[in-house]
Amino acid sequence: MSDRYVMEALLRPAVELNTSVAAGCAAFVCVSAPWAVALSPPVSYVTAGGFAVLSSIRARQGLRILRYRRNLKRLPRYVMTSRQVPVSRYRLFLGKGFMWEQKHLQRLLETRRPEVQAFLQPSLPYRLARTTERWSEYRLPFVSQLLRNDSVFNPVRPLPPVGGNPAIHGVEPDETDVSMDLGERVGHMLVLGTTRVGKTRLAELLITQDIRRGNITIVFDPKGDADLLKRIWAEAHRAGRDDELYIFHLGWPEISARYNGIGRFGRTSEVPTRLASQLSGEGNSAAFKEFAWRVVNIIAQTLVALGERPDYNLVRRYVMNITGLYDRYVAWFLKAKAPHLLALIDTQTELLRQVKQNAGAPEALLRKAATEQVLDSEEAENLNDAILESLRNAVRYDQKYFDKIVASLLPLLEKLTSGKVSALLSPDYTDMSDPRPLLDWQQVIRKKGIVYIGLDAMSDAEVASAVGNSMFADLVSVAGHIYKFGLEGDLPSDGAGKTKKLPISLHCDEFNELMGPEFIPMINKGGGAGIEVTAYTQTWSDIEARTGNAAKAAQVTGNFNTLVMLRVREKMTAELLTTQLPEVEVYTKTLVSGFTDISNPEQGGDFTSNTQDRVSSVRTPLLSTSELINLPKGQAFALLEGGRLWKIRMPLPSPENDDMMPPDMAAMVTAMRKNYRTGDTWWPVIATLPDNTPAQVTVPAAKDVQVPAGRVPGEGLNG
1 MSDRYVMEAL
11 LRPAVELNTS
21 VAAGCAAFVC
31 VSAPWAVALS
41 PPVSYVTAGG
51 FAVLSSIRAR
61 QGLRILRYRR
71 NLKRLPRYVM
81 TSRQVPVSRY
91 RLFLGKGFMW
101 EQKHLQRLLE
111 TRRPEVQAFL
121 QPSLPYRLAR
131 TTERWSEYRL
141 PFVSQLLRND
151 SVFNPVRPLP
161 PVGGNPAIHG
171 VEPDETDVSM
181 DLGERVGHML
191 VLGTTRVGKT
201 RLAELLITQD
211 IRRGNITIVF
221 DPKGDADLLK
231 RIWAEAHRAG
241 RDDELYIFHL
251 GWPEISARYN
261 GIGRFGRTSE
271 VPTRLASQLS
281 GEGNSAAFKE
291 FAWRVVNIIA
301 QTLVALGERP
311 DYNLVRRYVM
321 NITGLYDRYV
331 AWFLKAKAPH
341 LLALIDTQTE
351 LLRQVKQNAG
361 APEALLRKAA
371 TEQVLDSEEA
381 ENLNDAILES
391 LRNAVRYDQK
401 YFDKIVASLL
411 PLLEKLTSGK
421 VSALLSPDYT
431 DMSDPRPLLD
441 WQQVIRKKGI
451 VYIGLDAMSD
461 AEVASAVGNS
471 MFADLVSVAG
481 HIYKFGLEGD
491 LPSDGAGKTK
501 KLPISLHCDE
511 FNELMGPEFI
521 PMINKGGGAG
531 IEVTAYTQTW
541 SDIEARTGNA
551 AKAAQVTGNF
561 NTLVMLRVRE
571 KMTAELLTTQ
581 LPEVEVYTKT
591 LVSGFTDISN
601 PEQGGDFTSN
611 TQDRVSSVRT
621 PLLSTSELIN
631 LPKGQAFALL
641 EGGRLWKIRM
651 PLPSPENDDM
661 MPPDMAAMVT
671 AMRKNYRTGD
681 TWWPVIATLP
691 DNTPAQVTVP
701 AAKDVQVPAG
711 RVPGEGLNG
């Protein structure tokens, strides 16, 4: 082997095996026929031992050459069942791989030299097998099937359909398990890779560990991938956490939890922000967006003052009929603050009705005039209520003008309140006959829940974006509350006065579709609340297009401390990783040959020749964009723990049947329907309690009742 020299020589014939065979034969001769080598038996045996040691050393070196050459064409099979995924309380498992160093770049560059291509091309039997397979596909199907069989007993089985250049990973025959410290996860992880190259498989690997580790696990999936949902279902049941599982899916409303995207907030102004952020703010649309924000803010403040929880249905109703909300608030406010003014409105209305000129005028118009007269009085103005003033200002707009101003808001509200989606996004908190649970982030976090969010973006991207952004904003609000007051908030804590901060593992697939103004604060400050964001997307341009400019996109990516990059097709995306790496020196070999004439005929020759191999070094990036563009499926480069570059490959899912995995979505829907229970079945739980049950007790679910979506009896009424 040439490990001791400046340049390795691994792409060559395994000549060490010749020495190994010769030394092995010599050892055999020394043992079996010492007379043939003119040695006495004792000396011959010692000599045989020396030859045997030499043979084994050279065989090991030769086999390493063969293994290296094989790895450049086909990597060892790497399959893992879900049960075999290693779970640690301190490390996050990513797959097998190695730390990418200068020697690996050197070896990869060697594979591109023309003189070594013979060692990288498929063998002649393999090429003949593929030709025969194509020829016999319809003529001799059984032969074609036999040649295609992916079995270790088939020496010419096809290469795995992963594409790319297997030599990128094959340059290191000695792999090890790759993992990262769990303490680094609060710095967040960004996973980049084009379509169908392994992002979902990596997500399954990480989500499986989070669920089995006991983390609060939240998965946003804009596509609503059925396979990912089934995997989460299976892992929750395998970990014994099926009672903690919530499923929110816009495409499957019959099994989905219900969620009010604007029903929980820290400040009332969050409600209009979550809605108005979905409207265009470019050009002339900015003024309409700001007016829509103001109208929704007035409605939200009024509803909160009236003791009602805002939802999309109520906002839509009062955007179209803000006068009705105004009348309700005036009646409520004056009844509480100045009942005699409310009676005065009734009196004024009756007086206006008796005026001859008002004969035949609508009752509503007369009452509106009476209300304005009373509210214009000095006594009413001294009440000085900001909500009332805002409402009066809003109702004074001409109705046609008002409708034009809020026209951009109504289509969005119509989409959010149409069909079955309306019951999901504007839930009736008092409907005890609806078995579907109510999703509340504070309760999910306290319960250490598992949440799957399927937004069905392919059916309606605008609704998916609105709901996803509302959920993000809600999470940011909850994270801010946890950051300031801890997990329990105003609930009693332990004797030490401290509450333990729980890790919240947030997985966001296609996160560019969900990203709004509220996402940046989440990744910027969410780590303080224990939120660990793992975001998956295709390209840098997706982020830039969503944020609107490169500066904001850089602000987003700059908050991710860990970067995992699978195969990408965009050079700018690849440079997001390569520009962070140093340059290294690689060695190049130059063949120099020449001759020199001999002018002295007495020297016995006409010329002298010389041939040299010169080794020089050049500086080159540790990783180039071409390696990232040519990665096989399921492989990635990862920048972990402060800039250490690792080359990893994820395990393939085992083809064995998983007894926890539902066969299809229909089976899962059936199971969830069986396990749901409505609010009117609370009495069997109470009936099972003993007579000496304390007054303050958390009522457990009945043993014979499972709640796969994670609902606690009565949960959501105060969320």
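Residue numbers (full-length UniProt numbering): 1 to 719. We put the beta carbon where it would ideally sit given N, CA and C, even for glycine.
| Asked | Found |
| --- | --- |
| Validate contact between the region 215-223 and the region 502-513 using beta carbons, cut 8 Å, 3 pairs | yes |
| Meets three-Cβ-pair contact criterion under 8 Å: the region 138-145 and the region 200-207 | no |
| Separation of residue 289 from residue 297, as counted between CA atoms | 12 Å |
| Inter-residue Cα distance where the pair is residue 546 and residue 307 | 37 Å |
| Span of the beta strand (DSSP E), counted from its first residue to its last, around residue 563 | 562-565 |
| Residue 188, buried or exposed, once every other Cβ within 10 Å from all chains shown has been counted against 16 | buried |
| Extent of the continuous beta strand (DSSP E) to which residue 646 belongs | 644-649 |
| Residue span of the alpha helix (DSSP H) that contains residue 255, given as start and end | Careful: residue 255 lies outside any alpha helix (DSSP H) and carries neither H nor E. |
| Sequence ranges, beta strand (DSSP E) only - wholly within the region 213-242, length at least 3 | 216-221 |
| Check whether residue 197 and residue 640 have beta carbons under 7 Å apart | no |
| Coil, strand or helix - residue 173 by DSSP | coil |
| Inter-residue spacing [alpha-carbon to alpha-carbon] between residue 582 and residue 643 | 10 Å |
| Per-residue DSSP class, three states only, for residue 75 | coil |
| For residue 368, the first and last residue of its enclosing alpha helix (DSSP H) | 363-375 |
| Top-ranked residue by Cα proximity to residue 648, from 119, 110 and 174 | 174 |
| Proximity winner among 444, 402, 636 and 527, relative to residue 321 (alpha-carbon distances) | 402 |
| Own chain, CB closer than 7 Å to residue 148, minus 5 neighbours either side, in chain order | 133 and 158 |
| Neighbour-count burial assignment, residue 246, 16 or more Cβ in a 10 Å radius | buried |
| Short CB-CB distance (under 7 Å) between residue 222 and chain D | The structure shown has no chain D; it contains just one protein chain. |
| Any 3 or more C-beta pairs closer than 8 Å across the region 626-634 and the region 58-68 | no |
| Residue 309 versus residue 528: straight-line alpha-carbon distance, rounded | 29 Å |
| Neighbour-count burial assignment, residue 418, 16 or more Cβ in a 10 Å radius | exposed |
| Near the ligand FAD: residue 502 beta-carbon under 6 Å from a heavy atom | This structure lacks the ligand FAD; in fact it carries no ligand of any kind. |
| Minimum C-alpha distance to residue 336 - residue among 385, 318 and 362 | 385 |
| Classification of residue 537 by the beta-carbon crowding that lies within 10 angstroms, buried from 16 upward | buried |
| Limits of the beta strand (DSSP E) - the one that residue 614 falls within | 607-621 |
| Whether residue 457 touches residue 253 by CB criterion (7 Å) | no |
| Presumed contact (8 Å Cβ cut-off) between residue 623 and residue 578, rounded CB distance | 5 Å |
| Residue closest to residue 393, alpha-carbon to alpha-carbon, out of 408, 409 and 376 | 376 |
| Per DSSP, cross-strand counterpart(s) of residue 507 | 219 and 534 |
| Secondary structure of residue 153, DSSP reduced to three states | coil |
| Residue environment, residue 585, which counts as buried when at least 16 other CB atoms sit within 10 Å | exposed |
| Spatially closest choice to residue 523 from 473, 564 and 571, by CA coordinates | 473 |
| Own chain, CB closer than 8 Å to residue 569, minus 5 neighbours either side, in chain order | 194, 539 and 629 |
| Coarse secondary structure for residue 626, derived from DSSP in three states | helix |
| Residue 696 classed as buried or exposed, judged by whether at least 16 other C-beta atoms fall within 10 angstroms | For residue 696, the pLDDT reaches just 42, beneath the cut-off of 50, and the residue's location in the model is therefore unreliable, leaving the point undetermined. |
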